[in-house]
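First residue of the sequence shown? That's 420 in the numbering used here, and the numbers climb one at a time after it.
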Amino acid sequence: MKRFLTVSVSIGFMGIFILICMALAGGRTEQLSGADIAMGTVITQRIYVDRPFFHLQSDDTETETQHILSQIEALERELLSRRISQSETAQINAAGRGQVSPEMGALVEKCLEISQASDGAFDITLGNLVMLWDIDRLAAEPETLQGAESGEFPPKKEDIEAARAASGYDKLLVSDCEIILSDGIALDLGAVGKGVAMNRVREYLEGEKEITGAVISLGGSILTYGSKPDKTPWRISIADPFDTGQSIGTLSLEGQWCVSTSGDYERYVYSDGVRYHHILDPGTGYPAVSGVHSVTILTKDGFLSDALSTACFILGEEKGMALAEEYGAEALFVDEEGNLSMTEGMRQYFNESDR
Ligand code: FAD
Ligand code: MG
420 MKRFLTVSVS IGFMGIFILI CMALAGGRTE QLSGADIAMG TVITQRIYVD RPFFHLQSDD
480 TETETQHILS QIEALERELL SRRISQSETA QINAAGRGQV SPEMGALVEK CLEISQASDG
540 AFDITLGNLV MLWDIDRLAA EPETLQGAES GEFPPKKEDI EAARAASGYD KLLVSDCEII
600 LSDGIALDLG AVGKGVAMNR VREYLEGEKE ITGAVISLGG SILTYGSKPD KTPWRISIAD
660 PFDTGQSIGT LSLEGQWCVS TSGDYERYVY SDGVRYHHIL DPGTGYPAVS GVHSVTILTK
720 DGFLSDALST ACFILGEEKG MALAEEYGAE ALFVDEEGNL SMTEGMRQYF NESDR
């Protein structure tokens, strides 16, 4: 009996000793996932968090994925959405002028720079035109398109012209955080919102040392950060615009990157056999026709990847490629025939699928 007790106590001590060693030696990597809706699109997250061995999560503690989603929702609510009346964008649209936060002022300045660099192809002052076409909503709720046959869609030519006249980045002034919108123009930040969100999330991740890796997808934009526990590269699949269930290839990426794709294949409306998509040509007031089916931009900066993907779609392959190179970004175009073309630098990241 005495011998049995001695053995049991020894085993007990050994177990405790092993647990203490494991705790001191470090922890484990936990994988967290999330899928939510924000900014009118699906946000998916996969993040890797280093936990101490004895980490306990109580039910009422917000997880890291919830923190990340909160950052995106706050941006949408406070700054970017023209649909939410208290956001800075909606307030400026309603008042026509006003003081904005330094973050908003800097964002509008950066957008103006892309407008100039793209000869006006990219233009955040198209709010009236975007609202007139309303393709984001109609594409999401096709049943609301009952008016298509009764002539409400596409919009009337004169209405398109009027909305086009009430737009133009030369009518937007920003100085010392004061914004002035002339001639009834309205802001729409749909082309850069997810890019701004990628930068905000990246800043959050950089402040959370226990997060060792993350891949966050916001509709057409994807942020990679850090590394996977097995240290293999992130593999980002690029959708085939002819069949979005398939992929044209993958990008192999190490560390932090932003990937944005703009295309005419996801948000569109069919009316009388014609497909109307959501990326508008400021020169015509109609959905852009540039021979491009989709364009993917790869950069370190989220704002740039999102802004350039929209601008390059409208500019077309030749001018778009030049614009991407001007900003040191990599670009991959799929044209309407399915041909692929890309910047030299993109070749080292892109592995084409057998199609
Ligand atoms: P991108 O190519 O990045 O952008 C296309 C969008 O940019 C268009 O939809 C239009 O908004 C704008 N645009 C069109 N032409 C031009 C141009 N020439 N220059 C500059 N911009 C142009 N959608 C909903 O249906 N419901 C919502 O509640 C909703 N809320 C949103 C809130 C925010 C903060 C943001 C940023 C977007 C929201 N959206 C919403 C819009 C939706 O997610 C858009 O479809 C999306 O922003 C388009 O992104 P993309 O990556 O597909 O295309
Ligand atoms: Mg964009």
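Quick reminder that beta carbons are idealized off the backbone N, C-alpha and C, glycines included.
By DSSP's criteria, residue i is part of a beta bridge. Which residues make up the other side?
i: GLN450; result: TYR467
i: GLU597; result: GLN518 and SER594
i: ILE456; result: VAL461
i: SER760; result: PHE752
i: ILE635; result: GLN464 and LEU642
i: GLU771; result: GLY668
i: ALA743; result: BP columns for ALA743 are empty, so no partner.
i: ILE604; result: The partner list for ILE604 (beta bridge, DSSP) is empty, contrary to what the question assumes.
i: ILE630; result: VAL468
Residue j and residue i - do their beta-carbons sit closer together than 9 Å?
i: LEU591; j: THR544; result: yes
i: GLY704; j: ARG583; result: yes
i: VAL711; j: CYS731; result: yes
i: VAL693; j: PRO574; result: no
i: LYS613; j: SER640; result: yes
i: SER671; j: PRO648; result: no
i: VAL461; j: GLY638; result: yes
i: MET458; j: ALA616; result: yes
i: SER679; j: GLN464; result: no
i: TYR623; j: CYS530; result: no
i: GLU597; j: GLY524; result: yes
i: SER646; j: GLY674; result: yes
Between the alpha carbons of residue i and residue j, how many angstroms are there, rounded?
i: TYR644; j: SER586; result: 37 Å
i: ALA513; j: SER504; result: 9 Å
i: SER489; j: GLU481; result: 10 Å
i: ASP555; j: LEU723; result: 22 Å
i: SER520; j: SER772; result: 45 Å
i: MET761; j: ALA750; result: 6 Å
i: ALA686; j: GLY546; result: A small fix is needed here, since residue 686 is Arg in this sequence, not Ala. In a straight line, the C-alpha of ARG686 is about 17 Å away from that of GLY546.
i: THR718; j: ALA558; result: 29 Å
i: THR484; j: LEU451; result: 7 Å
i: PHE769; j: VAL753; result: 13 Å
i: GLY566; j: THR729; result: Caution is warranted here: a pLDDT of 49 is assigned to GLY566, below 50, making its placement in the model unreliable, and the coordinate value is therefore given only provisionally. Answer to the nearest angstrom: the Cα atoms are 28 Å apart.
i: LEU498; j: SER690; result: 34 Å
i: ILE487; j: TYR684; result: 28 Å
i: GLY747; j: ALA741; result: 10 Å
i: SER569; j: ALA605; result: Because SER569 sits at a pLDDT of 45, beneath the cut-off of 50, its placement in the model cannot be relied upon, and the following sentence gives the value as read from the coordinates. In a straight line, the C-alpha of SER569 is about 28 Å away from that of ALA605.
i: GLU522; j: GLU577; result: 36 Å
i: GLY739; j: ILE733; result: 8 Å
i: TRP676; j: ILE599; result: 34 Å
i: VAL548; j: SER666; result: Reading off the sequence, residue 548 comes out as Leu, not Val. The alpha-carbon atoms of LEU548 and SER666 are separated by roughly 32 Å.
i: VAL714; j: GLU571; result: 30 Å
i: ASP659; j: PHE472; result: 42 Å
i: VAL688; j: HIS696; result: 6 Å
i: ALA743; j: VAL527; result: 20 Å
i: SER500; j: ASP725; result: 16 Å
i: SER506; j: GLU449; result: 35 Å
i: GLY453; j: GLN767; result: 30 Å
i: GLU580; j: SER601; result: 17 Å
i: GLU625; j: GLY632; result: 10 Å
i: ALA536; j: ARG447; result: 47 Å
i: ILE456; j: THR508; result: 20 Å
Taking residue i as the reference, give the member of the options with the closest Cα.
i: ARG619; options: VAL468, ARG470, ALA741 and ILE491; result: ILE491
i: GLU755; options: ALA558, TYR623 and ASP662; result: ASP662
i: ARG516; options: LEU670, SER452 and SER594; result: SER594
i: ILE511; options: GLU737, ASP607 and ASP725; result: ASP607
i: GLU745; options: LEU551, PHE472, VAL461 and ILE533; result: ILE533
i: GLY682; options: GLY735, LYS650 and ALA633; result: GLY735
i: ASP538; options: GLY702, ARG501, VAL678 and LYS529; result: GLY702
i: ILE630; options: ASP455, ARG470, VAL461 and ILE462; result: ARG470
i: GLY764; options: ILE716, TYR623 and LEU551; result: ILE716
i: GLY757; options: GLU560, GLY668 and GLY453; result: GLY668
i: VAL634; options: ARG447, GLY453 and ILE466; result: ILE466
i: LEU727; options: ARG496, THR448 and PHE541; result: PHE541
i: MET550; options: LEU699, ARG766 and GLY721; result: LEU699
i: GLU737; options: LEU759, GLY721 and ASP725; result: LEU759
i: GLY721; options: GLU449, LYS628, ARG766 and LEU642; result: LEU642
Entirely within the segment 479-555 and at least 3 residues each: give me those beta strand (DSSP E) ranges in chain order. 516-518
For the segment 645-720, which segments carrying the beta strand (DSSP E) assignment without a break, of at least 3 residues, lie completely within its bounds, in sequence order? 653-659, 662-672, 676-682, 687-690, 693-696 and 711-718
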